[in-house]
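Protein chains in written order, with this note's numbering: chain A, 1 to 340; chain B, 1001 to 1292.
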């Protein structure tokens, strides 16, 4: 019962935030620019192009009317058209969004797999050499510019060691001889469904480096949060009691304490997602990864404003859904959350 | 009671704890060094005009040497000079963003926390909307809407950052609001505005300053990111993000120095702000001091 009322409240908040996001992106796209029509018409527009856009977007009408049309188009699933390529943004995003999500999910998984155990051990042995080394790594992770780390990683693992490919999602050979039959847009899933293991391995090979680079920030955040909450939990009396009862350190740390320390870390899943997305916007270009980040950075160069706004909106909606999912999981696992 | 000489740092005080934190100390020294290099850049380098963007085509792509310790870029500009002049922009971007976000967010958060009711509810829901965007994304959209420039990049980032401070200030205000001295002030008829400014603000400043110190590094990273994709500092000027971007196409073909040094500069500066922020946080919080 408590869960149901939490669910309703939380869904209500998401809907509210979604409406707010619509209003805010509308303000950014129509109210902030001194001449929105010129912005929508692309770089160096002719006056007749600007006039045509003005008419098409209804910029001569009152703002409320403009907003009605804006929302109507979006809810009808029409994100508009790129002024650079003249392609429908919907079609583009259907290819680019899964590419980015595949990368970001890989980075989040790496962040959790590396960050949680390291954070647990660092929290368990404060002031040890391991704790200091870990703190350094965590701070380095949140301080390194991702786009610079990407270059360094390419230099080491491609130029020097030759272990990993330079970029893109799949090699040309694999795409010629073992083409992936696209269904979900996630190469690893699509290749696995069709049993195309050559392509699967090739795609994985291409995924490793960009995913590792993207995970630097979330790994740092995960270590910090896990370490901090472990430190807190380990000073509780029930841990002392467990020690007195003679439970092994492994059971105390990873069974008893982690279960109580994991809650703030679950929040980290949402945060990791957000930071990986942010990193993806800067890093995809360097790895020639055909995702929304590359799409947006190219749009910035081409002054392709409709694309920038559409991507902002779509990625934010995905982010809202991820946060909703994280919160619901948390409430499902931990009764304290839903009763609060 | 005898007055102490002003410069003495009391043992056990916050400042004393901060000065015992080696990482924070080294960070502070490094940041002072970078700040001095930025401020006195025109006096410290013989290539000041190159730092401002003038080309010297005779030194095109010169590798690091005694004359140009960090090499020269595609227009022959000394990279040490570029880095020092870039520091002016990168550091100021980080600092201005955080100060602006603080200046906008703190009063809003204090008003929300102090007044409560529907005003509080409304303000908090607005922050919800801002925080629903992944970081950087909304800043990219706003910067693109305003047009690419240094000042617009700063505006765009600050416009997306203030809600964090509004939330923090609100939470702190809530915990201070019910204290006896606030009630005393209210009962003798002190106006709300004065209570917020004189009695609440000084008592919530510590966590806000701690957060600010931690945020400067992140703000520098975000600003560098915007510059990297072309929405920040414009040619012929450069900040560290622009320098990485300029050198990136040559990085793997042997001309590694153009992107390497500005990247290191961002990395080390952001790290220094993080260590310093951590140090300030621990020093200011007696409970944390005991735990660590």
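We treat Cβ as the ideally placed atom computed from N, Cα and C, and that holds for glycine.
A quick note: this is a predicted structure, and the numbers were derived from the prediction, not measured.
With a cut-off of 8 Å on Cβ pairs, the stretch 1123 to 1142 of chain B is in contact with the stretch 319 to 330 of chain A, counting three or more such pairs. Under a criterion of Cβ atoms nearer than 8 Å, the residues of chain A adjacent to residue 1274 of chain B are, in order, 139, 142 and 143.
Apart from sequence neighbours up to five positions away, the residues of its chain that approach residue 1257 of chain B with a beta-carbon distance below 8 Å are 1063, 1064, 1070, 1071, 1079 and 1247, ordered along the chain. When the Cα atoms are used, residue 120 of chain A and residue 138 of chain A turn out to be separated by approximately 13 Å.
Within chain B, 1145 have C-beta atoms less than 7 Å from the C-beta of residue 33 of chain A, given in sequence order. Scanning chain B for C-beta atoms nearer than 8 Å to the C-beta of residue 308 of chain A yields 1140, 1141 and 1144, reported in chain order. Near chain B, meaning a CB-to-CB distance below 7 Å, the residues of the stretch 147 to 169 of chain A are 147, 148, 151, 154, 155 and 159. The beta-carbon of residue 260 of chain A is placed no less than 9 Å from the nearest beta-carbon of chain B. Taking 9 Å as the CB threshold, residue 275 of chain A lines the interface with chain B. Judged by DSSP secondary structure, residue 1118 of chain B falls within the alpha helix (DSSP H) whose first and last residues are 1117 to 1131. The beta-bridge partner set that DSSP reports for residue 1178 of chain B is empty. Around residue 185 of chain A, the same chain offers 98 as residues with beta carbons nearer than 6 Å, after the five sequence neighbours per side are excluded. In the same chain as residue 1031 of chain B, and ignoring 5 residues on each side of it, the C-beta atoms closer than 6 Å to its own belong to 1272, in chain order.
Sequence-distant partners of residue 1170 of chain B (beyond 5 residues in either direction) whose C-beta falls short of 6 Å from its own C-beta, in its chain, are 1109, 1112 and 1113. Residue 1187 of chain B is outside the set of residues whose beta carbon lies under 9 Å from a beta carbon in chain A. Shown here for residue 1195 of chain B: same chain residues with a beta carbon closer than 7 Å to its own, the five before and five after excluded, namely 1182, 1185 and 1186 in chain order.
Rounded to whole angstroms, the separation of the alpha carbons of residue 49 of chain A and residue 55 of chain A is 10 Å. Rounded to the nearest angstrom, the gap between the Cα atoms of residue 1225 of chain B and residue 2 of chain A is 43 Å. In this structure, DSSP gives residue 1078 of chain B an extended state, which the three-state scheme calls strand. Taking the Cα positions, residue 133 of chain A is about 38 Å away from residue 1151 of chain B.
Contact annotation: the stretch 1262 to 1270 of chain B touches the stretch 142 to 153 of chain A, with at least three C-beta pairs closer than 8 Å. A contact is defined here as three or more CB-CB pairs under 8 Å, and the stretch 287 to 302 of chain A meets this definition with respect to the stretch 159 to 169 of chain A.
A Cβ-Cβ contact shorter than 9 Å links residue 1017 of chain B with residue 1283 of chain B. Against residue 20 of chain A, the close residues of chain B are 1125, 1126, 1128, 1129, 1130 and 1132, in the order they occur along the chain (beta-carbon pairs closer than 9 Å). Between residue 1218 of chain B and chain A, the shortest Cβ-Cβ separation is below 9 Å.
Taking the Cα positions, residue 1089 of chain B is about 17 Å away from residue 1044 of chain B. Between the alpha carbons of residue 1261 of chain B and residue 161 of chain A lies a gap of roughly 22 Å. Note on residue 1142 of chain B: 16 or more other CB atoms within 10 angstroms of its CB, so buried under the neighbour-count rule. Taking the Cα positions, residue 178 of chain A is about 22 Å away from residue 94 of chain A. When DSSP states are grouped into helix, strand and coil, residue 88 of chain A belongs to the strand group. Not a single C-beta of chain A is nearer than 9 Å to the C-beta of residue 1093 of chain B. A straight line joining the alpha-carbon of residue 315 of chain A with that of residue 300 of chain A spans about 16 Å.
Taking a C-beta cut-off of 7 Å against chain A, none of the residues of the stretch 1043 to 1064 of chain B qualify. When A/26, A/17 and A/270 are compared, the shortest CA-CA separation from residue 74 of chain A is found for A/26. If you look at residue 304 of chain A, you'll find it isn't in any alpha helix (DSSP H); DSSP assigns it neither H nor E. The CB of residue 287 of chain A never comes closer than 9 Å to any CB in chain B; the least such distance is about 12 Å.
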